[in-house]
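*Asks:* The structure under discussion is supplied below as structure tokens; questions concerning it will follow.
Residue numbers (the numbering used here): 54 to 678.
So this is what it looks like as structure tokens:
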């Protein structure tokens, strides 16, 4: 179609329009990176009497202090204690220095003295009120199960109502619940399901000592913040850092951690007391040090080389990432980007961005799963060079577990990293399987059109693909499978050919299946003599209010055997019956033999009567002579 000529007014303002269009596109591109929704975290701490045995040293206290001190200033935190009743302890507020001090004071009040564990009431209280425009998260710590009455039947009904009514309500209100099971007696199955159904993560802390790391994992899923990359416990502080928080775990509780400053001075917990702007918490088998206006230069943690050690900062020079879901399904493709900002404005000057070395790493603990080098020069995986965005695409296919996405950006003058944890679900929200059945089809007509012998219907193997979707994960009528069948069969020129066999590829067969029911059946290719593979992508909206683009594993459909694919033509009725039964029809033989004997007997009797008549005739003639 020919393009119409541009009118004079449009030509006159073409450069202005193009400029506005470019600004609009740039704004749309940058929006996902810069639109960081401030996290809001409601913390539920179990204070039931069983905690006396589960947490005898009350390590919930340093764990809660750890969480409060790690939160970025943009986050909001509220705290409730629960047992047989719900006790609001800290009204939700921004995590500024005063509120963080109130968190530390609240931690001192943690107890273990209530007879029951009312998890449904605790979740209901924590979900009642939220601030506007925040990312809603609940952290639930418990060592037990739904326990609201000595009557077990009441507890069973309460748990059923929790899963069937309360959890869907939390999901509908965009609330993620992250759960920690402390002790082997905790109902891990229930806590895991609550997290899975709301898009949160579940962590098992098999001991109170592991509770600190469990809180760290959930903090880095719900409220990640800027940090400095650590290498052999060394890190570089630049002049833009306003506050530094160091987390260092110990191999042994009695071992003392120290810090080496850029000027070579070594400081320990005791020595930090004389320093202005320092706060050192060395309880619970770890050291948590917060330093205001730290001196620029090379720092070092003198202590254990632990993968959970961190150096977190407050700064105006930040690293921003496209938000990552906290629960991901195997096969998901996620497009993202990172960008540096200064005073919340994107840094796009090519002289700076094109000299930055940036990477995206996927890790599980200290194990590196994959690493992607990024650039802002338009080279793969970047999309547009010089726009300040370092693009990447993730295709996550790992086994179930908790993983970390770690973004790092470094230049000669500064370094930044950003770590976010996510849970990999055990399986995709759709499952495919082959369903085979034997059906009868009418016999084929004779080639010459003659009647031939009477025939029976032939039996044939019919195969279908059964697709089952998880209605608790996928929104109704949003799921669609798009892809194609690719079939390939072995081919040769004939039975007696000396030429080697080759693979013959059949033309791809496209599919587009709308999943309107929980379980549906779809046809397989008519090509039954070839091995086929279905490559498909699931596009859907989750019940946790996000869309997914998920690449399913190739689904293989093996060729049928010749006897299955080409059933024999039915034989005449007599032969088919004899072949089917495998026995002689003795009744028919007896009837035939009886009839034969009767006929023989009748013949003999008639012959004898004739002989007698002849004898009488001869005798009569002789007498007359």
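Glycine included, each C-beta is placed from N, C-alpha and C at the ideal position.
According to the neighbour-count rule (16 or more other Cβ atoms, all chains shown, within 10 Å of its Cβ), is residue 662 buried or exposed?
*Replies:* Locating residue 662 in the chain shown gives position 609, where the first residue counts as 1. With fewer than 16 other Cβ atoms within 10 Å, it is exposed.
*Asks:* When you compare the segment 254-263 with the segment 217-226, are there three or more beta-carbon pairs, one atom per stretch, that lie closer than 8 Å?
*Replies:* At 8 Å Cβ cutoff, the stretches do not touch.
*Asks:* From this set, 565, 418, 470, 430, which residue's C-alpha is nearest residue 406's C-alpha?
*Replies:* On the chain shown, position 353 is the one that residue 406 refers to. The shortest Cα separation from residue 406 among 565, 418, 470, 430 belongs to 430.
*Asks:* Would you say residue 446 and residue 434 are within 8 Å of each other, going by their C-beta atoms?
*Replies:* Residue mapping note: residue 446 aligns to position 393 of the chain shown, counting from 1. Residue mapping note: residue 434 aligns to position 381 of the chain shown, counting from 1. Yes. Within cutoff.
*Asks:* Give me the DSSP bridge partner(s) of residue 416.
*Replies:* In the chain shown, the residue the question calls residue 416 occupies position 363. In the DSSP output, where bridge partners are listed per residue, residue 416 has 421, 457.
*Asks:* Threshold first: 3 residues or longer. Then list the beta strand (DSSP E) segments lying entirely within the segment 95-145, N to C.
*Replies:* 129-135, all fully within the segment 95-145.
*Asks:* For residue 528 and residue 593, what's the separation of their Cα atoms in angstroms?
*Replies:* Within the chain shown, residue 528 is the residue found at index 475, counting from 1. Within the chain shown, residue 593 is the residue found at index 540, counting from 1. Approximately 7 Å, taken between the alpha carbons.
*Asks:* Just the Cα atoms here: how many angstroms apart are residue 279 and residue 367?
*Replies:* The residue labelled residue 279 in the question sits at position 226 within the chain shown. The residue labelled residue 367 in the question sits at position 314 within the chain shown. One C-alpha to the other measures close to 7 Å.
*Asks:* Determine the closest residue to residue 5 out of 590, 567, 569, 562, with distance taken between C-alpha atoms.
*Replies:* In the structure as shown, the chain begins at 54 and stops at 678. Residue 5 is therefore absent and cannot be evaluated.
*Asks:* What does the alpha-carbon distance come out to for the pair residue 521 and residue 535?
*Replies:* The residue you call residue 521 lines up with position 468 of the chain shown. The residue you call residue 535 lines up with position 482 of the chain shown. Going by the C-alpha atoms only, they are around 15 Å apart.
*Asks:* Assign residue 298 to one of three DSSP states: helix, strand, or coil.
*Replies:* Counting from 1 along the chain shown, the entry for residue 298 is found at position 245. Correct three-state label for residue 298: strand.
*Asks:* If I measure Cβ to Cβ from residue 231 and keep anything under 8 Å in the same chain, skipping five residues before and after, which residues do I get?
*Replies:* As a working note, residue 231 is residue 178 in the chain shown. Within the same chain, residue 231 has close Cβ partners 190, 191, 192, 193, 248, 253, 254, 255, 256, 271, 274, 275, 379.
*Asks:* Between residue 571 and residue 135, what straight-line distance do the alpha-carbon atoms span, to the nearest angstrom?
*Replies:* Locating residue 571 in the chain shown gives position 518, counting from the first residue. Locating residue 135 in the chain shown gives position 82, counting from the first residue. Each residue's alpha carbon lies about 38 Å from the other.
*Asks:* Who are the Cβ neighbours of residue 365 in its own chain at under 6 Å, not counting the five residues just before and after it?
*Replies:* Reading the chain shown from its first residue, position 312 is the one you call residue 365. For residue 365, where only same-chain residues beyond five positions count, the Cβ hits under 6 Å are 278, 280, 298.
*Asks:* The beta strand (DSSP E) spanning residue 366 covers which residue range?
*Replies:* For the purposes of this step, residue 366 is taken as residue 313 along the chain shown, with counting starting at 1. From DSSP, the beta strand (DSSP E) with residue 366 extends over 363-368.
*Asks:* Please work out which residues of its chain come closer than 6 Å, Cβ to Cβ, to residue 112, disregarding the five sequence neighbours upstream and downstream, and give them in chain order.
*Replies:* As a first step, residue 112 is located in the chain shown; it is residue number 59 there, counting from the start. Closer than 6 Å at Cβ, skipping near neighbours: 261, 264, 337.
*Asks:* Just the C-alpha distance for residue 444 and residue 306, rounded to the nearest angstrom, thanks.
*Replies:* Start at 1 with the first residue of the chain shown, and residue 444 comes out as number 391. Start at 1 with the first residue of the chain shown, and residue 306 comes out as number 253. Residue 444 and residue 306: Cα-Cα distance of roughly 43 Å.
*Asks:* Identify, in the order they occur along the chain, each residue of the same chain with its Cβ nearer than 7 Å to the Cβ of residue 330, setting aside the five sequence neighbours on each side.
*Replies:* Within the chain shown, residue 330 is the residue found at index 277, counting from 1. Excluding sequence neighbours, residue 330 sits near 344, 345, 346.
*Asks:* Check this for me: beta carbons of residue 604 and residue 384, under 8 Å apart or not?
*Replies:* Residue mapping note: residue 604 aligns to position 551 of the chain shown, counting from 1. Residue mapping note: residue 384 aligns to position 331 of the chain shown, counting from 1. Yes; because the gap between Cβ atoms is below 8 Å, this pair is in contact.
*Asks:* Suppose only complete runs of 3+ residues qualify. What are the beta strand (DSSP E) ranges in the segment 186-239, listed by chain order?
*Replies:* Listed in chain order, the complete beta strand (DSSP E) runs (minimum 3 residues) inside the segment 186-239 are 188-195, 229-235.
*Asks:* Report the CB separation of residue 179 from residue 95 in whole angstroms; it is logged as a contact under 8 Å.
*Replies:* Taking the first residue of the chain shown as position 1, residue 179 is located at position 126. Taking the first residue of the chain shown as position 1, residue 95 is located at position 42. Between residue 95 and residue 179 the Cβ distance is about 4 Å, and since that is below 8 Å, they are a contact.
*Asks:* Note down the Cα distance separating residue 90 from residue 565, rounded to an integer number of angstroms.
*Replies:* As a position in the chain shown, residue 90 is number 37, starting the count at 1. As a position in the chain shown, residue 565 is number 512, starting the count at 1. Approximately 36 Å between the Cα atoms of the pair.
*Asks:* Mind checking which residues open and close the alpha helix (DSSP H) that includes residue 271?
*Replies:* As a first step, residue 271 is located in the chain shown; it is residue number 218 there, counting from the start. Note, residue 271: alpha helix (DSSP H), 264-275.
*Asks:* To the nearest angstrom, report how far apart residue 390 and residue 442 are at their CA atoms.
*Replies:* On the chain shown, position 337 is the one that residue 390 refers to. On the chain shown, position 389 is the one that residue 442 refers to. Each residue's Cα considered, the two are about 6 Å apart.
*Asks:* Checking 8 Å against the spacing of the C-beta atoms, do residue 300 and residue 352 come in under that value?
*Replies:* Residue numbering aside, residue 300 sits at position 247 when the chain shown is read from its first letter. Residue numbering aside, residue 352 sits at position 299 when the chain shown is read from its first letter. Not a contact, by the Cβ cut-off of 8 Å.
*Asks:* For my contact list, residue 602 and residue 386 are in at a C-beta cut-off of 8 Å; report their separation, rounded to the angstrom.
*Replies:* One-based indexing of the chain shown puts residue 602 at position 549. One-based indexing of the chain shown puts residue 386 at position 333. Yes, residue 602 and residue 386 are in contact; Cβ-Cβ is about 5 Å, under 8 Å.
*Asks:* Please report the straight-line C-alpha distance between residue 147 and residue 599, rounded to a whole angstrom.
*Replies:* For this step, residue 147 is matched to residue 94 along the chain shown. For this step, residue 599 is matched to residue 546 along the chain shown. About 27 Å.
*Asks:* Specify whether the segment 106-125 and the segment 207-216 touch according to this definition: at least 3 beta carbon pairs, one from each stretch, less than 8 Å apart.
*Replies:* No, they do not touch.
*Asks:* Evaluate residue 466 with the Cβ neighbour count: other Cβ atoms within 10 Å of its Cβ, from every protein chain shown; 16 or more gives buried, anything less gives exposed.
*Replies:* Residue mapping note: residue 466 aligns to position 413 of the chain shown, counting from 1. Residue 466 should be labelled exposed.
*Asks:* When DSSP labels each residue in this structure, what does residue 537 get in the three-state scheme?
*Replies:* As a working mapping, residue 537 is identified with position 484 in the chain shown. Note: residue 537 maps to strand in three-state DSSP.
*Asks:* Please report the distance separating the alpha-carbon of residue 119 from that of residue 154.
*Replies:* Here residue 119 refers to the residue found at position 66 when the chain shown is read from its first residue. Here residue 154 refers to the residue found at position 101 when the chain shown is read from its first residue. Answer to the nearest angstrom: the Cα atoms are 12 Å apart.
*Asks:* What do you reckon, are the CB atoms on residue 422 and residue 451 nearer than 8 Å?
*Replies:* The residue labelled residue 422 in the question sits at position 369 within the chain shown. The residue labelled residue 451 in the question sits at position 398 within the chain shown. Yes. Within cutoff.
*Asks:* First and last residue of the alpha helix (DSSP H) that includes residue 394?
*Replies:* The count along the chain shown starts at 1 and reaches residue 394 at position 341. No alpha helix (DSSP H) contains residue 394, which is instead part of the beta strand (DSSP E) from 385-395.
*Asks:* How would you write the range of the alpha helix (DSSP H) that residue 307 sits in, first residue to last?
*Replies:* Here residue 307 refers to the residue found at position 254 of the chain shown. It is not in any alpha helix (DSSP H) - residue 307 carries neither H nor E in the DSSP assignment.
*Asks:* Could you check where the beta strand (DSSP E) with residue 563 kicks off and where it finishes?
*Replies:* Against the chain shown, residue 563 aligns to sequence position 510. Start and end: 562-567.
*Asks:* With respect to the beta strand (DSSP E) encompassing residue 257, which residues constitute its N-terminal and C-terminal limits?
*Replies:* Here residue 257 is taken as the residue at index 204 of the chain shown, counted from 1. Run containing residue 257: 255-258, per the beta strand (DSSP E) assignment.
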